[in-house]
Amino acid sequence: MTDLSKLFTLLDDPEIRVLLYGLAHAGPAIPGPAIAGSRTGPARLRVLVAYLIETVPVEQHRSWLSDTERNTAMGIEQVRAVIGYDAIADVARYTDSSPEAVAFQLAAVLPDLADALSPGGVLVGAAELARELDEAAGESDRSGGVFGPHVH
Numbered sequence: 007m008t009d010l011s012k013l014f015t016l017l018d019d020p021e022i023r024v025l026l027y028g029l030a031h032a033g034p035a036i037p038g039p040a041i042a043g044s045r046t047g048p049a050r051l052r053v054l055v056a057y058l059i060e061t062v063p064v065e066q067h068r069s070w071l072s073d074t075e076r077n078t079a080m081g082i083e084q085v086r087a088v089i090g091y092d093a094i095a096d097v098a099r100y101t102d103s104s105p106e107a108v109a110f111q112l113a114a115v116l117p118d119l120a121d122a123l124s125p126g127g128v129l130v131g132a133a134e135l136a137r138e139l140d141e142a143a144g145e146s147d148r149s150g151g152v153f154g155p156h157v158h
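What follows is the structure, given as structure tokens:
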């Protein structure tokens, strides 16, 4: 079992949880060949982080994969280039926010998300991520897990 405690700490913040849920589900495909065909939910979130790691400078993503270094920040323009304007706008609609606010929030959260999904410097697999999120959601929401489809 992988230690995803950093992820669960991130998800303790309701605003971050909604933002990441929106990123995992809302809108058009995020740019990048590996992401375009990905499903929604944990698989999409994991592929997004993999794409993010591939597209930022090595020094930056190295800090995210390290368990000892402080995470190097992202710029808003960097987020827009990696995520894409359409996907950011869709997440903004989902979160009832502006695209500018979402880009700002993602710039703050994505380095920590990449760090949280790569304990020991290895990106967790999509199936394991889904399983861990389902277990974490467990008793609080049996409708599909933290990033599963919700019907209310």
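For the sequence shown, the working numbering begins at 7 and goes up steadily by one. C-beta atoms are modelled at their ideal positions from N, C-alpha and C, and glycine is treated no differently. The structure displayed is predicted, hence computed values, not measured ones.
**Request:** Decide yes or no for the touch test of the segment 124-141 against the segment 96-104: beta carbon pairs closer than 8 Å, at least 3 of them.
**Result:** no
**Request:** With DSSP as the reference, label Pro63 as helix, strand or coil.
**Result:** Taking the sequence shown and counting its residues from 1, one reaches residue 63 at position 57. Correct three-state label for Pro63: coil.
**Item:** Limits of the alpha helix (DSSP H) - the one that Asp96 falls within
**Value:** Along the sequence shown, one-based indexing puts residue 96 at 90. Its alpha helix (DSSP H) spans residues Tyr91 to Thr101.
**Request:** Assign Glu145 to one of two classes, buried (16 or more other C-beta atoms within 10 Å of its C-beta) or exposed (fewer than that).
**Result:** Residue mapping note: residue 145 aligns to position 139 of the sequence shown, counting from 1. Summary for Glu145: the model assigns pLDDT 39, below 50, so the residue's position carries little reliability, and this model does not support an answer.
**Message:** Could you give the first and the last residue of the continuous alpha helix (DSSP H) run that contains Gly28?
**Reply:** Looking up residue 28 in the sequence shown gives position 22. Gly28 -> alpha helix (DSSP H) spans Pro20 to His31.
**Message:** Beta-carbon within less than 6 Å of Glu75's beta-carbon, same chain only, minus the 5 sequence neighbours each way: which residues are those?
**Reply:** Taking the sequence shown and counting its residues from 1, one reaches residue 75 at position 69. So the qualifying residues of the chain are Ser69.
**Request:** Output the distance between the C-alpha atoms of Ser11 and Gln66, rounded to the nearest integer angstrom.
**Result:** Walking along the sequence shown from the start, residue 11 turns up at place 5. Walking along the sequence shown from the start, residue 66 turns up at place 60. Cα to Cα, Ser11 sits roughly 22 Å from Gln66.
**Message:** Considering Cα atoms alone, identify which of His31, Thr8 and Ala114 is closest to Arg50.
**Reply:** Indexing the sequence shown from 1 puts residue 50 at position 44. Among His31, Thr8 and Ala114, the Cα nearest to that of Arg50 is on His31.
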